[in-house]
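With our numbering applied, the sequence shown corresponds to residues 23 to 127, in that order.
The structure under discussion appears below in the form of structure tokens.
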Amino acid sequence: MDKLKSIYASAYSAAITIAVVTAVTVGAELSPAFKAWLTGFTGHHWVTKSWLSLIVFILSYGIFRITNKSATDIETRKALFVLETTAIAGFFVILGFYVYEFLKH
């Protein structure tokens, strides 16, 4: 069941990464100082967010792989559901934020 363990770890890692990138995206748009801080690392805030997403995914994947001895079919399905829900929520948070910003001005 090593395949299920990888799927489980990947799904939760991707969900965490989506949540972090969504929060950083909105935060960077609300705070010019935060966006400038992100830009200071790589020269552009998008590039920094890309590196951040890669780092968050790899670290969380490693943590889930090491700490979880095995994953059942039910646990894996739950992880995939969490991933789907997080992806949809992240999409609507970013879409809603930019629509609000557009209509506000």
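Even glycine gets a Cβ: it sits at the ideal position worked out from N, Cα and C.
Predicted model, so just to flag it, every value in this text is computed and none were measured.
Asked	Found
Three CB pairs or more closer than 8 Å across the stretch 114-122 and the stretch 38-50	yes
C-beta atoms of Ile-38 and Ser-82 nearer than 8 Å	yes
Supposed contact pair Lys-57 and His-67 - C-beta distance, whole angstroms, cut 8 Å	5 Å
Assigned exposure category for Ala-55 - 16 Cβ within 10 Å defines buried	exposed
Per-residue DSSP class, three states only, for Lys-91	coil
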